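As numbered in our numbering, the sequence shown has no gaps in its residue numbers, which increase by one up to the final residue, 1042. All C-beta atoms in this analysis are idealised placements derived from N, C-alpha and C, irrespective of residue type, glycine included. Note that the structure is a prediction, hence the values are computed from the model and not measured.
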Amino acid sequence: MDTGYLNHVIAVESAELCDLMSLYGDDVWSYAYAITKNRELAKDIAQEAFIKAYYKIHTFRGQSSFKTWLFAITRNLALNELKSSYVRRILLLERVALRDTVPSAETVFLQYQSAAEIWEIVMNLSIKLREVLVLDLEHDLTIKDISILLGLSEGTVKSRLFRARKAVERELEKREE
866 MDTGYLNHVI AVESAELCDL MSLYGDDVWS YAYAITKNRE LAKDIAQEAF IKAYYKIHTF
926 RGQSSFKTWL FAITRNLALN ELKSSYVRRI LLLERVALRD TVPSAETVFL QYQSAAEIWE
986 IVMNLSIKLR EVLVLDLEHD LTIKDISILL GLSEGTVKSR LFRARKAVER ELEKREE
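Dropping the structure here:
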């Protein structure tokens, strides 16, 4: 979906909203989850983000990608929820991608354990470091898009990414000792 199309849309029809949800739904949910660490809350935030986007599509000016704009809405909703008292911590569990060949049960377990351990480390980073790392790794946003989304300079984003990666690396090394 290109931004040229979205720029001339004044009101999104129901079918278009479904298309947007199909295209970006998983990304919006996983970004909300990365911020809140709560699956059910992330679902609620994702739904609310699409409803807001539906009613505010006319405010999208195309200064960033549509995904970045949608992530900004998601981020604001998630951070508002974090301020509430009922947010609880849950570990992010990585899905093991199925391959053409069936790996052994031991291989699957080790891959799952390794991914879960890395995500546990990521989810225990400060929100500033966790957020840039998730946007980079999980959602493949560019430094520029992350800086626009978070309202930070590109240098600050690069610095936080470097610090986040180093923190994960240090923790992995510490666990291997």
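Quiz item: What three-state label does DSSP hand R926 in the structure shown?
Solution: coil
Quiz item: Which residues bound the alpha helix (DSSP H) around G1020?
Solution: E1019 to E1041
Quiz prompt | Closest by C-alpha distance to F992, when choosing among D1010, T1021 and A1029 | solution = The sequence given here has Ile at residue 992, not Phe. Nearest option by C-alpha distance: A1029.
Quiz item: For E1034, does the count of other Cβ atoms within 10 angstroms reach 16, so buried, or fall short, so exposed?
Solution: exposed
Quiz item: Would DSSP call G890 helix, strand or coil?
Solution: helix
Quiz item: Using the C-alpha atoms, what's the distance from V1022 back to A911?
Solution: 24 Å
Quiz item: Based on Cα-Cα distance, which residue from A937, V999 and A907 lies nearest to K921?
Solution: A937
Quiz item: If you draw a straight line from the alpha carbon of K1031 to that of D892, how long is it in whole angstroms?
Solution: 25 Å
Self-check item: Rounded separation between L882 and T939 - CA only
Solution: 16 Å
Practice problem: Could you tell me the boundaries of the alpha helix (DSSP H) in which S1012 lies? | Solution: I1008 to L1015
Practice problem: Answer with buried or exposed for G1009, where buried requires no fewer than 16 other C-beta atoms within 10 angstroms of its C-beta. | Solution: Note that residue 1009 is Lys in the sequence shown, not Gly. Exposed.
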